[in-house]
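The next block holds one structure in the form of structure tokens; read it before the comments.
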Amino acid sequence: MTAPTPHTPPFRDRRLPFAKRIDDLLSRLTLDEKIAFLHQFTPAVERLGIAAFRTGQEALHGVAWMGPATVFPQAVGLGATWNTDLVRRVGEAVSKETRAMRARDDRVGLNIWSPTVNLLRHPLWGRGEEGYSEDPKLTSAIATAYTRGLRGEHPTYWRTAPVLKHWLAHNNETGRDVTSSSVRPRVLHEYDLRAFRETVEAGATAGVMPAYNLVNGRPNHVSPYLKEHLRTWTDDDLLVCSDAGAPSNLVDSEHYFDTHEEATAAALLAGVDSFTDHGTDGSKITARVRGALDKGLLAESDIDTAVRRQLSVRFRLGEFDPEYDPHAPTGDFDTPAHRALAREAAEQAVVLLKNSAGLLPLAPDTRLAVVGLLADECKLDWYSGTLIHRSTPLDGLYERFGAERVEFAEGVDRVLFKTRAGTFLHVPEADAADEVRGAEGALDPALLAGRTDLPPLTTDPAGTELALVDWGEGVLTLRAPDGRYLSVAEDGYVRASADQPGGWFVQETFRLEPHANGHLLRHIVTGHPVSVAADGVRVADEDPEIFELIIVERGEDAVTRVASQADAVLVVAGNDPHINGRETEDRTTLALPAHQERLLRAACSANPNTVLTLISAYPYAVDHAALPALLWTSHGGQAAGTALARVLAGDVSPAGRLPQTWYADDADLPDLLDYDVIGSRQTYLYFEGTPLFPFGHGLSYATFSYADLETRTTDGSLHVSFTVTNTGDMTADEVAQLYGRAVDPAVPRPRRELLAHRRVTLAPGERKKLAFEVPLSAFDFWDVSRAGWRREPGPYELLAGASSEDVRLRTTVTLDGEPAAPRPVLRRGLAAAGFDDQRGIALVDRTKTSGDAVTPAQGGPGELVYRDCDFGDGISEVSVTVAGEGVVDVSLDGGAVLASLTLEAPTSGPYDYTTVTAGMLAEGVRDVHLRLRGPLRLAHVGFSG
């Protein structure tokens, strides 16, 4: 007899469409198994042969946290390339390395939590290094390119499954889990949603991650926008993964819900499918889901919906068809092509901001002084992998110009710490091997502990000279002569043990505090001062040591010494990505830290041929009047030094462009929590001042001319073309940029707005015609009077050039559209959030599930304006839908108050609305002005009579 062929369940039958296979698999899973799928770490279902799965693999600019990998420039640096083809290739390389790493380490996940598409609205945001641009068009273009590279080209199976971060309006680390971004409808649709929308619509996105913050008073993890907007942009089953710990925040820090069962149910119903909470322990989330089911807050069908979305991603990743997965054999890891791509990306990210005296490129025989705190550094950030290859600016310049022509001075202050007993801090010799933080990989690197295998510091009569750096705000690092940084491990002892400052809690930072004719040396993370004990130096509140700080050599003296002997000086300044501006910590100023300003001044005083290179995650406000040349690049990954040296030497002409405005002064900035880019005139779109350097700015060693601007309009599109010619004497890239603006808008519109761009390579004398097809919808704005998109008919100016301010060609086109119409307030009334202008107003949640209301901000009175309200033949009564307590004053056209509507007694809660009416006469088309007094919420205004 022949043995029967085992039955293949439908979910294993690759001939069936994914939807039917998922239906079958769902039907086979028990309720408890499905509930377990809701946690980030999904357990295996052995009886069905289903493997364990986890959502979330960080790979923002290379595979992160899992040990050695190719490290590309930071995301803001990739944005500065303005090169979608390059970024797609970077994404492709990252996804191939993800597959190769997973083949040998199953901790590596295929659900990539990248890219970050939060807009770089405010330059003091601590996580600016993670975004691409302040402009939604450029952000979506770069993000789409990266996701396409991550996804791969196969029509069915994805190489990795990218998730966009962080939904929505998330630009502050200060109080990030409790602050609410007040986002008016126009800003929501024209700015914050747009970058997500265009990236999702491109079709290479597997999901999104909600942000920690609240928007209009409602946590992003229960946002109705997930259903109202996100899921309408694609037919794909998008997987929504919570941010780490955010589900618990709904109760613990935000106090938005009373119980975790309520919060978990609300998040699931809003559209969160995977809960990242309590590390690898899924028991708390599963218990909360089970509790919500028992209380009737959820139905099993709600769980099915979330599990279906996870399974959709897993099927697309080929998990259930391993023998047919085209990406399974991928082994590309640290290949020559990836190394070359890392260098190419780093070269293309360099932005030449100034070259007034033609100092750059440097002549081959230049005797060069290289100085600065970042001159011999290759810094990593929180979302970096571990370096396999490492190139600092100094390394690159030694290689390019020859070590005999390059002199180096780091510019640290070299110091001794003298105790009250007359001895000095001493770093004992250690035999332990060098270790690189995170080299072995970790699912949660925040849990990595400091080293305790090295001896703690002691004291002796001679002491050890330490390299002191003040990174600004009085935050110091101290480095031993062997290159290891002073750090504090869990046992409280101070050791020279860290290869770099880093980690979720940076244990390598200290402050010097004046105290009793000396200084306390306070460890920032623990808050404890340094104390000297018989068994070693540690941090403790008991018996803190009072140190005398002895400066052996000031950094600026070393800089002056080498700068005065050189033909030219390169000052390399910037930030450490783990200090003063990072996840959990916003910056407080645009200013370069005082220590680095000292070094820059010393270099300029010693040698007028001084070039400043800023290597940073964000813009600085620098006085460049005395500088003939200035460059910026992000932390450029493993090939940063080689790339910078090639640009300085002229082997490559710089062609990076600023992805965000560089402001001249802190006074130009709005409050960090002011998300109204229209009202407070933020970003290049609305800023009316003079920037230090404008959006899109970047110079070249070549010159380019623009000509032959032509336009034509077809159904749904505007076709624009012009030519660009390299009029210089070297092959170089140019980034041609096309902007548009409404000439005579009825409402505030952008001063100019990026419509398209292209980075092209041109040989000397080469001329190329560039053609763009711009959808006419790019000229639309969100009309609050109708709560929808509208294009004003009339003239629009088109501007082509090398930056948002360097305009070479312009023309005007007249576009058809829909004329404005008065608000039909007799029929619809006024949605309170649909205002045209406001002062002192914050948007809040109308209910916990949907809708917006308005309230006076910070306790003061608030004012609202609704323009062109049509009262027809007349009204005799006004009504307001309000909660809380207070008064709403109504006037027309800014005149006298015509009605005051008072809540005589406070309502029982912020969501318990009542209607208050008053007599009021009005007719014709008028502007309605409201003044809100007291802690009330206004949801709607009605008119009748």
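FYI, in the working numbering the residues of the sequence shown are 256 to 1200. C-beta atoms are modelled at their ideal positions from N, C-alpha and C, and glycine is treated no differently.
Bridge partner(s) assigned by DSSP for residue i
i     : result
H778  : F765
R1078 : C1124
K1024 : T978
L954  : L607
A1154 : V1145
E803  : K673
N338  : Looking at the DSSP assignment, N338 forms no beta bridge with any residue, so it has no partner.
G773  : H770
I1096 : P1111
F530  : H294
P1050 : T1069
Three-way DSSP call (helix, strand, coil) for residue i in this model
i     : result
N504  : helix
D200  : Residue coverage of the chain in this structure runs from 256 to 1200, which leaves residue 200 outside it and unanswerable.
M985  : coil
V667  : coil
D498  : coil
K673  : strand
S752  : strand
M356  : helix
G896  : helix
A258  : Note that A258 has pLDDT 48, beneath the 50 cutoff, so the model's placement of it is unreliable and the number below is only indicative. Correct three-state label for A258: coil.
A1042 : coil
S1059 : coil
F575  : coil
F266  : helix
E684  : coil
S1032 : helix
A1173 : strand
F948  : strand
Residue j beta carbon less than 8 Å from that of residue i
i     : j     : result
L1158 : E1132 : no
V1029 : S972  : yes
V826  : G627  : yes
S529  : C496  : yes
Y864  : D822  : The amino acid occupying residue 864 in the given sequence is Asn; Tyr does not appear at that position. Yes, they are a contact pair.
P909  : L607  : yes
T429  : D841  : yes
L524  : T460  : no
D1043 : S1134 : The amino acid occupying residue 1043 in the given sequence is Gly; Asp does not appear at that position. No, Cβ-Cβ distance for G1043 and S1134 is not below 8 Å.
T647  : G829  : no
A1075 : A1001 : yes
G747  : R777  : no
H593  : V527  : no
T719  : W726  : no
N366  : H421  : no
A416  : R571  : yes
D1100 : D1107 : yes
D432  : S369  : no
A335  : S889  : yes
G1117 : L1187 : yes
T325  : A348  : yes
R354  : R414  : yes
Endpoints, the beta strand (DSSP E) within which residue i is located
i     : result
I305  : Element bounds for I305: n/a, residue is neither H nor E.
Y740  : 740-743
S1131 : 1130-1139
G1197 : 1191-1199
H681  : 679-681
Y961  : 959-969
E1008 : 1008-1017
Range of the contiguous alpha helix (DSSP H) that encloses residue i
i    : result
H593 : 591-604
I643 : Unbroken run through I643: none, as it is neither H nor E.
V562 : 555-571
S395 : 391-406
Cβ of residue i within 8 Å of any chain C Cβ
i    : result
L303 : Going by chain labels, chain C is absent from the structure shown, which holds only one protein chain.
Item to complete: Identify every run of the alpha helix (DSSP H) within the region 408-486, keeping only runs that are complete inside it and at least 4 residues long; order them along the chain.
Response: If only complete runs of 4 or more residues are kept, the region 408-486 shows the alpha helix (DSSP H) at 448-456, 480-483, in order along the chain.
Fill in: Length at least 4, wholly inside the region 845-877: the alpha helix (DSSP H) runs in chain order
849-861
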